[in-house]
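Worksheet: one structure, shown below.
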Amino acid sequence: MSFTLHGLAVSHGIAIGHAHLVSHATLEVEHYVLPGRFVGEEIARFDAAVAEVRAELDGLLAGGDPGAPAELTAFIDLHQMLLADPMLIGTTRELIRERRCNAEWALVQHMERLAEQFDQIEDEYLRERKADVVQVVERVLKVLMGHPGHPPRHTRGEQLIVVAHDLSPADTLQFKQLKIGGFVTDLGAATSHTAIVARSLAIPAVVGLHHARDLIREDDMLIVDGTRGVLIVDPDARVLEEYRLRKSALELERAKLKRLKKSRAATLDGTDIELTANIELTADMDQVKAAGAAGIGLFRTEFLFLNRDGMPSEEEQFAAYRSVAEAMDGRPVTIRSLDIGADKNLRGVERTEANPALGQRAIRYCLAEPQIFLTQLRAILRASHHGRVKLLVPMLAHAHEIEQTLALLAQAKEQLRGRGQPFDEGIEVGGMIEIPAAALALGVFLAKLDFLSIGTNDLIQYTLAIDRTDEAVAHLYDPLHPAVLRLIAHTIQAGKRAGLPVAVCGEMAGDPTLTRLLLGMGLRQFSMHPAQILEVKQQVLQSDCARLRRQVARMLNTDDPVRLRAQLGRLNAN
Ligand code: PEP
Ligand code: MG
161 MSFTLHGLAV
171 SHGIAIGHAH
181 LVSHATLEVE
191 HYVLPGRFVG
201 EEIARFDAAV
211 AEVRAELDGL
221 LAGGDPGAPA
231 ELTAFIDLHQ
241 MLLADPMLIG
251 TTRELIRERR
261 CNAEWALVQH
271 MERLAEQFDQ
281 IEDEYLRERK
291 ADVVQVVERV
301 LKVLMGHPGH
311 PPRHTRGEQL
321 IVVAHDLSPA
331 DTLQFKQLKI
341 GGFVTDLGAA
351 TSHTAIVARS
361 LAIPAVVGLH
371 HARDLIREDD
381 MLIVDGTRGV
391 LIVDPDARVL
401 EEYRLRKSAL
411 ELERAKLKRL
421 KKSRAATLDG
431 TDIELTANIE
441 LTADMDQVKA
451 AGAAGIGLFR
461 TEFLFLNRDG
471 MPSEEEQFAA
481 YRSVAEAMDG
491 RPVTIRSLDI
501 GADKNLRGVE
511 RTEANPALGQ
521 RAIRYCLAEP
531 QIFLTQLRAI
541 LRASHHGRVK
551 LLVPMLAHAH
561 EIEQTLALLA
571 QAKEQLRGRG
581 QPFDEGIEVG
591 GMIEIPAAAL
601 ALGVFLAKLD
611 FLSIGTNDLI
621 QYTLAIDRTD
631 EAVAHLYDPL
641 HPAVLRLIAH
651 TIQAGKRAGL
661 PVAVCGEMAG
671 DPTLTRLLLG
681 MGLRQFSMHP
691 AQILEVKQQV
701 LQSDCARLRR
711 QVARMLNTDD
721 PVRLRAQLGR
731 LNAN
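Okay, here's the thing in structure tokens:
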């Protein structure tokens, strides 16, 4: 039966494909559909992995300490029993055979179903046996992943649409390897980091759908309209055809935009506008090049720290920063220091704060953990020898935070001098303006820093007291709120008067419906996910700065949201 769900549009475009229901665990294994001829081979690979784990467990029993507690032997026996159980093994084989899933995917899917059944068991002892099933599955997965099969992806010529209750930014990051067509979630909001990663992947996504995970079944046909925030489940032939046409039209438009890649980003009156890219990983550089970005305006380095045990070493960080600096070949690369906390957490770090977005996040964390910060600063400094690297510091609000940051930077420089390692002595240091206090008391920023970058995602969150990850208040998250507009305009103008470059690197910079508004405020540097650069460039090419300045000045005096939206409509009209 066909039905439609409405949520928040977070990443534009249309995806048509089959539903794949996931939880966090399933994202860590590869997903692919096997051509029929490989099914037998895949079952044999699965059987071999099970046999290997049984042999491992036998080895544990045989080589065990004779004085080992009876519980340990009982526990290994139980795992052996599970490995022989047709419920676990037989059904997984069936999934491989019938659905043609790869072995890892089949096993995880089945484990999830079993886990749900265990959760419903009344008897506490039996209910807790779920942990044993998970452990056995993990052992088999480890062996399978050590002996991967051949992944012939998308053999049905269709895309997979991931359907989840919630996804963390770390989960979404893994989509970069999985090559999925789109995703939908029950929770989430438009400027959560999960949504930002989706946009950087240029895959259509709708979040805040409330009950999608419960209503959709595995393999259901889905249409994700990431522009309108609509999800259509099991569409009829007419709707499917209409969306296929719409999808082709969109792809054609995108292809046409590619022609703008090499054109100079300048307004009709000849003002040059810098359009740079936001990246999360070095792997994003292909997209950056395809979009013809003028540089990297925001490298969110914290993504190097997610999905792993332990921190990346100085060498590992240096290699990543250096590769980006070199790839940009003299164009600016703005590396942001670690912005961990709030919705981005290190593995194994249990967060206990009631309000993590207001807690020890970003520079607050770095100043509390100076060794981690110094390691990163040294890596960034060393990369500055290989390109035009700048350092950007997030979440600053206090003068003493700026002073401490600069003192630690001086210390990191001293350490490198001691080691004889080269770096750019004059590396520029910028501050993110993403807390209203910073925007209102810019004096110390202007006096001590070399540039500013407005993080509108957080500036909106903190100005309007709206958790940017909470779909329950997502309707109140408003980039056009007069208070937000005035803080942005004030920062741009104050920077201009002080002779300090000001960029916007939040999601507003990548929204083509806001390009003219920001140009009219005097903004000349925009940083956004590379997938948006050409659309924003198209707007720039059709804009006249002098005319926009007058119109936007009127908008900044408007408190009435309805009038403001009408004014924006006129601004974008021609
Ligand atoms: C912002 O807050 O606007 C920003 C660019 O940083 P992030 O989205 O990573 O918090
Ligand atoms: Mg931010």
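Per this note's numbering, the sequence shown starts with residue 161, numbered consecutively.
Note that CB positions come from ideal geometry on N, CA and C, so glycine has one too.
Source: prediction; values computed, not measured.
By Cβ distance below 7 Å, which residues in the same chain neighbour residue i in space, the five residues on each side in sequence not counted?
i      : result
Arg257 : Val199, Ile203
Glu264 : Val189, Glu190, Leu301, Leu304, Met305
Leu740 : Nothing can be reported for residue 740: it is not among the residues displayed for the chain, which extend from 161 to 734.
Gly341 : Ala175, Gly177, Gln319, Leu320, Ile321, Ile363
Glu513 : Gly519
Leu242 : Leu248, Asp292, Val293, Val296
Are residue i and residue j touching if we call contact CB-CB under 8 Å?
i      : j      : result
Val384 : Val366 : yes
Ile500 : Ser162 : no
Ile456 : Val700 : no
Arg646 : Tyr637 : no
Gly666 : Asn732 : no
Leu724 : Pro639 : no
Ala443 : Ala691 : no
Ser613 : Gly590 : yes
Ala437 : Ile693 : yes
Leu576 : Arg538 : yes
Gly173 : Leu382 : no
Leu168 : Gly389 : yes
Gly368 : Gly386 : no
Arg496 : Leu552 : yes
Ala599 : Leu619 : yes
Helix, strand or coil for residue i, going by three-state DSSP, please let me know.
i      : result
Leu609 : coil
Cys261 : strand
Ile595 : coil
Lys422 : coil
Ile203 : helix
Phe198 : helix
Thr718 : coil
Gln269 : helix
Thr345 : strand
Val712 : helix
Asn734 : coil
Ile532 : helix
Ile236 : helix
His314 : Unreliable positioning characterises His314 in this predicted model, as indicated by a pLDDT of 43, which lies under 50. The coordinate reading is nonetheless provided below. In the structure shown, His314 sits in coil (DSSP, three-state: anything other than H, G, I, E or B).
Ile340 : coil
Ala726 : helix
Ile439 : strand
Gly219 : helix
Gly519 : coil
Gly470 : coil
Closer than 6 Å by C-beta to residue i: which residues in its own chain qualify, once you throw out the five before and the five after it? Chain order, please.
i      : result
Ala487 : Met445
Leu327 : Thr345, Thr354
Arg299 : Val213
His314 : At His314, the pLDDT of 43 sits below 50, so the modelled position is not reliable and the matter cannot be decided from this model.
Val633 : Ile626
Where do the ends of the alpha helix (DSSP H) carrying residue i lie?
i      : result
Glu401 : 397 to 417
Thr164 : Taken as a continuous stretch (DSSP letters only), Thr164 belongs to no alpha helix (DSSP H), being part of the beta strand (DSSP E) at 163 to 166.
Leu320 : Premise fails: Leu320 lies in the beta strand (DSSP E), 319 to 324, not in any alpha helix (DSSP H).
His178 : Careful: His178 lies outside any alpha helix (DSSP H), inside the beta strand (DSSP E) at 174 to 182.
Thr623 : 616 to 624
Ala567 : 559 to 579
Tyr285 : 284 to 287
Lys656 : 642 to 658
Met668 : Premise fails: Met668 is in no alpha helix (DSSP H) and is neither H nor E.
Leu333 : 329 to 333
Got a sec, what are the start and stop residues for the beta strand (DSSP E) residue i sits in?
i      : result
Met381 : 381 to 385
Lys755 : With the chain represented from 161 up to 734, any question about residue 755 goes unanswered, as that position is not in the structure.
Ala663 : 662 to 664
Gln685 : 685 to 688
Arg365 : Arg is not the amino acid found at residue 365; the sequence shown has Ala there. Taken as a continuous stretch (DSSP letters only), the beta strand (DSSP E) holding Ala365 covers 365 to 367.
Leu391 : 390 to 393
In the DSSP output, what is residue i paired with across the bridge?
i      : result
Lys550 : Thr494, Glu588
Arg460 : Arg496
Asp432 : Ala426
Ile256 : Answer by DSSP bridge pairing: none, since Ile256 is not bridged.
Ala169 : Val366
Check whether the Cβ of residue i sits closer than 7 Å to any heavy atom of the ligand MN, and report yes or no.
i      : result
Arg548 : Although the ligand MN was asked about, the structure shown includes only the ligand PEP and the ligand MG as ligands.
Grab me the residues of residue i's own chain with a C-beta within less than 8 Å of its C-beta, minus the 5 sequence neighbours each way, in chain order.
i      : result
Pro530 : Leu568
Gln727 : Gln711, Arg714, Met715, Thr718
Ser423 : Lys697, Leu701
Taking 8 Å as the CB-CB limit, is residue i close to chain C?
i      : result
Ala291 : In summary, chain C is missing from the structure at hand, where a single protein chain is found.
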